[in-house]
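Q: First to last, the protein sequences are chains W and E. In this text, residue positions in the first sequence follow the working numbering: the first is 578, and each later residue adds one. In this text, residue positions in the second sequence follow the working numbering: the first is 1179, and each later residue adds one. The structure that follows is given in the form of structure tokens.
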Amino acid sequence: NAGVTQTPKFQVLKTGQSMTLQCAQDMNHNSMYWYRQDPGMGLRLIYYSASEGTTDKGEVPNGYNVSRLNKREFSLRLESAAPSQTSVYFCACKNYPNTEAFFGQGTRLTVV
Amino acid sequence: RKEVEQDPGPFNVPEGATVAFNCTYSNSASQSFFWYRQDCRKEPKLLMSVYSSGNEDGRFTAQLNRASQYISLLIRDSKLSDSATYLCVVNGRTGTASKLTFGTGTRLQVTL
Chain W
578 NAGVTQTPKF
588 QVLKTGQSMT
598 LQCAQDMNHN
608 SMYWYRQDPG
618 MGLRLIYYSA
628 SEGTTDKGEV
638 PNGYNVSRLN
648 KREFSLRLES
658 AAPSQTSVYF
668 CACKNYPNTE
678 AFFGQGTRLT
688 VV
Chain E
1179 RKEVEQDPGP
1189 FNVPEGATVA
1199 FNCTYSNSAS
1209 QSFFWYRQDC
1219 RKEPKLLMSV
1229 YSSGNEDGRF
1239 TAQLNRASQY
1249 ISLLIRDSKL
1259 SDSATYLCVV
1269 NGRTGTASKL
1279 TFGTGTRLQV
1289 TL
């Protein structure tokens, strides 16, 4: 059971480069989320998708875009990477409103 | 004020000790509550849900006080393997989705 799969696991970008972080879940969950985690800041919500075809901004959306490609996949795009986007990115999914979320293994991104 | 606040620690305790973590949240409309565990450089994983009636899972006991907007986690007979960061998580609704808000985490180090 894969659960939530994120690719890549590690990435180094130069300032100004673009890239897409991929996330796929095989749990048949409706909602998907992208978080970033920085030291001392906890996990902060970037974007979320309540269901296929919908996306909404979270707490820190600036510099990012997302696509909910289908029920399984939710991608996060950095159009022009900045050093401030150096972070660990986690994708998560959940089904019913008051249930827990399940996380992917994370993508460690460094922007130099 | 942060939506979810935790003491960052670290809590350094000897094996066999009892340790308690506390968490407060600001949104009185929050609907569900969780404790997650995060090991170094890994994704967060659900430890347990938290209910108003209190709930216990082996050595772990969680309590919720809605009136005080306060959540606690008690770990009895600490093991070396309990060393990790414990995240307090609060679930509320936003738009069409439910949204998990994370505390910054409390780090626990159990020593011999």
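We treat Cβ as the ideally placed atom computed from N, Cα and C, and that holds for glycine.
Could you list the residues in the region 1187-1215 of chain E with a C-beta less than 7 Å from some C-beta on chain W, going in chain order?
A: So the list reads Q1209, S1210 and F1212, given in the order they occur along the chain.
Q: Could you check the C-alpha separation between V1267 (chain E) and T592 (chain W) for me, to the nearest Å?
A: C-alpha separation (whole angstroms): 33 Å.
Q: Is there a C-beta anywhere in chain W that falls below 8 Å from the one on S1227 (chain E)?
A: So, interface residue.
Q: I need the DSSP call for Q682 (chain W), collapsed to helix, strand or coil.
A: DSSP places Q682 (chain W) in coil when its eight states are reduced to three.
Q: Going along the chain, which residues of the region 673-684 of chain W sit with their C-beta nearer than 7 Å to a C-beta in chain E?
A: Residues passing the 7 Å Cβ filter: P674, N675, E677, A678, F680, G681, Q682 and G683.
Q: Would you kindly report the start and end of the unbroken beta strand (DSSP E) that includes V689 (chain W)?
A: Careful: V689 (chain W) lies outside any beta strand (DSSP E) and carries neither H nor E.
Q: Is DSSP giving S1188 (chain E) helix, strand or coil here?
A: With the sequence shown as reference, residue 1188 (chain E) is identified as Pro, and Ser is not the correct amino acid for it. The answer is coil: DSSP assigns P1188 (chain E) none of H, G, I, E or B.
Q: Rounded to the nearest angstrom, how far is the Cβ of E1221 (chain E) from that of T1202 (chain E), given a contact under 8 Å?
A: At roughly 25 Å, the Cβ-Cβ gap does not stay under 8 Å, so E1221 (chain E) and T1202 (chain E) are not in contact.
Q: With contact counted as at least three CB pairs below 8 Å, one residue from each stretch, are the region 1257-1265 of chain E and the region 1201-1219 of chain E in contact?
A: Because the criterion of three Cβ pairs below 8 Å is met, the region 1257-1265 of chain E and the region 1201-1219 of chain E touch.
Q: Terminal residues of the continuous beta strand (DSSP E) containing V637 (chain W)?
A: Element bounds for V637 (chain W): n/a, residue is neither H nor E.
Q: Quick check: is the beta carbon of F587 (chain W) nearer than 8 Å to any beta carbon in chain C?
A: Here chain C cannot be found, since the structure's protein chains are W and E.
Q: Return no unless some Cβ of chain W is closer than 8 Å to the Cβ of S1276 (chain E).
A: Output row for S1276 (chain E): interface = yes.
Q: Would you say G1283 (chain E) lies against chain W (beta-carbon separation less than 8 Å)?
A: Chain W, which has a Cβ nearer than 8 Å to the Cβ of G1283 (chain E), makes this yes.
Q: Under 8 Å Cβ to Cβ from V1292 (chain E), same chain only, skipping five residues before and after it: list those, please.
A: Look at the range of chain E in this structure, 1179 to 1290, and you will see that residue 1292 (chain E) is not part of it.
Q: Quick check: the Cα distance between V1247 (chain E) and Q594 (chain W), rounded to an integer number of angstroms?
A: What sits at residue 1247 (chain E) in the sequence shown is Gln, not Val. Whole-angstrom Cα-Cα distance: 44 Å.
Q: Is S1276 (chain E) buried or exposed, if buried means 16 or more other CB atoms sit within 10 Å of its CB?
A: Buried.
Q: In the DSSP output, which residue or residues are listed as bridge partners for M609 (chain W)?
A: Bridge partners of M609 (chain W): W:S626 and W:C670.
Q: With distances taken from CA atoms, which of E:G1232, E:N1269 and E:T1279 is nearest E636 (chain W)?
A: That would be E:T1279, whose Cα lies nearest to the Cα of E636 (chain W).
Q: Suppose you measure from the CA of Y624 (chain W) to the CA of L1225 (chain E); what does that come to, to the nearest Å?
A: Roughly 24 Å separates the two Cα atoms.
Q: What residues of chain W sit near N1233 (chain E), judged by a beta carbon separation below 9 Å?
A: Correct list: empty, because the minimum Cβ distance to chain W is about 14 Å.
Q: Secondary structure at S1208 (chain E), three-state DSSP: helix, strand or coil?
A: If DSSP states are grouped into helix, strand and coil, S1208 (chain E) belongs with coil.
Q: Return the chain-ordered list of same chain residues with a C-beta closer than 8 Å to the C-beta of F679 (chain W), the five sequence neighbours on each side being excluded.
A: Once the five neighbours on either side are set aside, the close Cβ partners of F679 (chain W) are G580, V581, Q602, M604, H606, A669, C670 and K671.
Q: Please decide whether N1243 (chain E) counts as near chain W, where near means a Cβ-Cβ distance under 8 Å.
A: By this cut-off, N1243 (chain E) is not an interface position.
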